[in-house]
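Peer 1: Chains as they are written, first to last, in my numbering: chain E, 10 to 437; chain F, 37 to 515.
For every residue, glycine included, the Cβ atom is placed at its ideal position computed from N, Cα and C.
Before I ask anything, here is the structure I am working with.
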């Protein structure tokens, strides 16, 4: 696994937050020293952004998003003509955009903090940075009159705005990837791939709405804000429903993973611990978001095949029973999972019993990475359980290292040692 | 589609002729007018492509992009452009029956015609360019009236074909289709207005941008629908896992769920609660996963220990599904489905109204299905016989309200009993289990286990705050 220099910024979020904070302070300080230009417009957009922040939504993939707020910020940055204000044009600069966005975002975040669900600082910082970024590209050109030539109702101005929004979206995805790779200890490249993928979804609706509000305000004035925000509200509603069913699904898989525990087949918390460890390793290995999801589900349900046993095996530790028996249990578990339509997850569960390499044979590249990870994580937990004692943990790691090369994928063992040792520093 | 009835044939001919006349008139207006042609050239392709955006789930709220485009067409180019945009989708119409192709496309044309004519008559101006006196007052009146006209035409035409061909009662159509479509249509109208406004500011390119958030919304919606389906099948897989362990429960969970829903409908339960009850019924025996297979499949009488293990299944089941937020009320149903009205059930020995409603329903459904299924120690009973037995036990074991509701429901709906289980190889080798504890006639010991009762009491308290919950379930709508 090749790792790039940027991975070493494990504090990617810190970087993004510091950048956003710095920009916000600069914007607010600069704006405070002089009169606010077009104050009513600033107020209207501030209200839109704050409202958007208030109704933010948690999207699958651990993404906190405020589509309406982000679109409002972009629109305020891209605002040109505005029907109903003095001279029908806007004259404010980049720093005022930053100041209005930052204050509105903070105002919208306060109720969330009050109920004990503070939004992720990094995502707030990103929204300030992106509004500022779009403003830097647009406002100087507009206020100095360079765009007058294309503001005649043709396609050029919309296209230019769209280009700015697209560019801002890409930068936003990069910032998000920076923060994510720090948070999850995953390679920057794989985090970036995931974030670009997410950008295509609600990101395009956010960008389009920002452009539409800015364009329509020239002819409609304040009407543009509620009217053009509406399609995005519909989109956000759909996303919320999707996110909620995804959450239900997640909870159900978690419940399924407890089935073997309730039945006395496995030790309490075993599946959850294996899943946690597997996901941590998967992140470090740069698995994509979809792969991580499958890995997590497979790890949670990797022991479900034990339900077919007439009598529970000793403490549920599959590592300690005969390979053929292991395989039979895994095959039964895979069959149950396959019936629920999760073919990939079923395959991962089925293959987790395969040793990394049979003596004298080259390693089998057909075994999914996820299966190899679960195999190692399962073995680790069978040896160490949920123990926080570093002696036990180090003993378990030693056992894994002994088995590396034949039983276990050496790379996985390696990365898992790192993960375990990292958490040991925190826990012990 | 079956043969068109004569009266429907005449109706179809009239509608098609009307649409054809409108199209000829529209062509005459538009010919040689470059502005109109330009609007048509941009909107018609978008309209055609929107056909592909049809939602996969027909039961769901349909975010059609076609209606807004049609409305934008007459706002920008007048009725003639709207008629021609309306017919354009015929090039990709994949419907099998010619009559359906004709009717549906004629309908689009006539909707465009009506909306456009009304809009112009009411004094609405073309949105080719930004109206000089602003958008607000001048446009809103004509738009609202024109949208009502579009709804009216749509409803009238549908009412006609459904009444003449399918012979559906117009009152039903009015309630189920027209009333529910008013809201969505005004949302479409708004979107159409937005497209038109954008057109006047930035041309067709900007107008098409309005559809982007809509597209994204639709995609998210489809993902939602897909995920929901996946969710259903996961639950089913879970249940099948139980049913492979316990020979008696094959298809049992599904039928208990169905009978519970029938009872709930008679009781006029709220939709979201019915949905939770449906899941509770499916999952009521999921706790058997936690009972050793040896005990579930044992032949001959059970020891006290073994019976205690079986009696733990409601609690196990609750333990398993706890944490699935939207099933909150279902916990009670799973937990207490073996309670008896006289307090001699398990796990808590609750009595009367202390037993949660879900549990009282599931208990009846559970016993009913058990009695109408074949067991090794007896054949399946007739439905009437089973209902009679339920009535006998009403007041002691079952809630009479629920028993009566089931009887009432079965008079309205047909019921398919369990297919007689085929002799399984395992059963031949080992002999089948000799009793079914769901069967009221199996006369099992029914004293609550004091230790289990104490533990469950605690769990029960945690469950008490959970009556009302957020609805994540399906919402029916116009499609």
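(1) Could you tell me which uninterrupted alpha helix (DSSP H) segments, each at least 4 residues in length, are contained entirely in the stretch 143 to 221 of chain F, listed from first to last along the chain?
(2) Quick test of the definition: if touching needs 3 or more C-beta pairs under 8 Å, does the stretch 198 to 208 of chain F touch the stretch 110 to 124 of chain E?
(3) Can you list the residues of chain E that residue 356 of chain F reaches, using a CB-CB cut of under 7 Å?
(4) Can you give the Cα-Cα distance for residue 317 of chain F and residue 264 of chain E, rounded to whole angstroms?
(5) State the CB to CB distance for the pair residue 53 of chain E and residue 148 of chain E, rounded to an integer number of angstroms; the pair is presumed to be in contact (CB under 8 Å).
(6) Nearest to residue 48 of chain E by CA position, among E:285, E:23, E:109, E:96, is which residue?
(7) How far does the alpha helix (DSSP H) with residue 23 of chain E in it reach, from first residue to last?
(8) Can you pull out the residues from the stretch 50 to 75 of chain F whose beta carbon lies closer than 8 Å to at least one beta carbon of chain E?
(9) Can you tell me whether residue 41 of chain F is helix, strand or coil according to DSSP?
(10) Do you know how far the Cα of residue 384 of chain F is from the Cα of residue 493 of chain F?
(11) So which residues on chain E does residue 352 of chain F lean against when the C-beta distance must stay under 8 Å?
(12) My assumption, with CB atoms under 8 Å, is that residue 238 of chain F sits in contact with residue 167 of chain E. Please give the rounded CB distance.
(13) Checking contacts by CB at 9 Å: is residue 163 of chain E closer than that to chain F?
(14) Residues of chain F with a CB under 8 Å from the CB of residue 257 of chain E: which are they?
(15) Show which residues of chain E have a CB atom less than 8 Å away from the CB atom of residue 257 of chain F.
(16) What number of angstroms, rounded off, separates the C-alpha of residue 375 of chain F from the C-alpha of residue 289 of chain F?
(17) For my contact list, residue 226 of chain F and residue 239 of chain E are in at a C-beta cut-off of 8 Å; report their separation, rounded to the angstrom.
(18) Measure the C-alpha to C-alpha separation of residue 204 of chain E and residue 159 of chain F and round it to an integer number of angstroms.
(19) List, from N- to C-terminal side, the alpha helix (DSSP H) runs of 4 residues or more that fit wholly inside the stretch 328 to 384 of chain F.
(20) Residue range of the alpha helix (DSSP H) that residue 387 of chain E falls in?
(21) Counting only beta-carbon separations shorter than 9 Å, does residue 48 of chain F have a partner in chain E?
(22) Contact defined as beta carbons within less than 8 Å: I believe residue 173 of chain E pairs with residue 146 of chain E. What is the distance between those atoms, to the nearest angstrom?
(23) Between which two residues does the beta strand (DSSP E) holding residue 66 of chain E run?
(24) Taking 8 Å as the limit between beta carbons, can you name the residues of its chain near residue 267 of chain E, skipping five residues before and five after?
(25) Using a threshold of 9 Å, state whether the C-beta atoms of residue 148 of chain F and residue 183 of chain F are closer than that.
(26) What is the DSSP secondary structure of residue 139 of chain F, counted as helix, strand or coil?
(27) Taking the C-alpha atoms as reference points, what is the distance between residue 56 of chain F and residue 142 of chain F?
(28) From the DSSP output, in three-state form, read off residue 195 of chain E for me.
(29) Does the beta carbon of residue 182 of chain F come closer than 9 Å to any beta carbon on chain E?
(30) May I have the straight-line CA-CA distance separating residue 95 of chain E from residue 60 of chain E, to the nearest angstrom?
(31) Along the chain, where does the beta strand (DSSP E) that runs through residue 72 of chain E open and close?
(32) To be precise: take each residue of the stretch 72 to 92 of chain E, compare its Cβ to all Cβ atoms of chain F, and keep it if any distance is under 8 Å. Which residues remain?
(33) Along the chain, where does the alpha helix (DSSP H) that runs through residue 56 of chain E open and close?
(34) Along chain E, in chain order, which residues have C-beta atoms closer than 8 Å to that of residue 35 of chain F?
(35) Could you tell me the alpha carbon to alpha carbon distance between residue 76 of chain E and residue 219 of chain E, rounded to whole angstroms?
(36) Compute the Euclidean distance between the alpha carbons of residue 231 of chain F and residue 129 of chain E, then round it to the nearest angstrom.
Peer 2: By the coordinates alone:
(1) 172 to 197, 206 to 209
(2) no
(3) 264, 267, 268, 271
(4) 17 Å
(5) The pair is not a contact, with the Cβ atoms about 17 Å apart (cut-off 8 Å).
(6) E:109
(7) 21 to 41
(8) none
(9) coil
(10) For residue 493 of chain F, the predicted structure reports a pLDDT of 48, less than 50, and the residue's modelled location is therefore unreliable. The matter cannot be settled from this model.
(11) 271, 272
(12) 4 Å
(13) yes
(14) 267, 360, 361, 362, 508
(15) 247, 250, 251
(16) 18 Å
(17) 7 Å
(18) 49 Å
(19) 329 to 332, 340 to 347, 349 to 357, 364 to 371
(20) 378 to 393
(21) no
(22) 5 Å
(23) 66 to 68
(24) 280
(25) no
(26) helix
(27) 8 Å
(28) coil
(29) no
(30) 26 Å
(31) 72 to 74
(32) 92
(33) 48 to 63
(34) The requested residue 35 of chain F is not part of the displayed model; chain F covers only 37 to 515.
(35) 10 Å
(36) 36 Å
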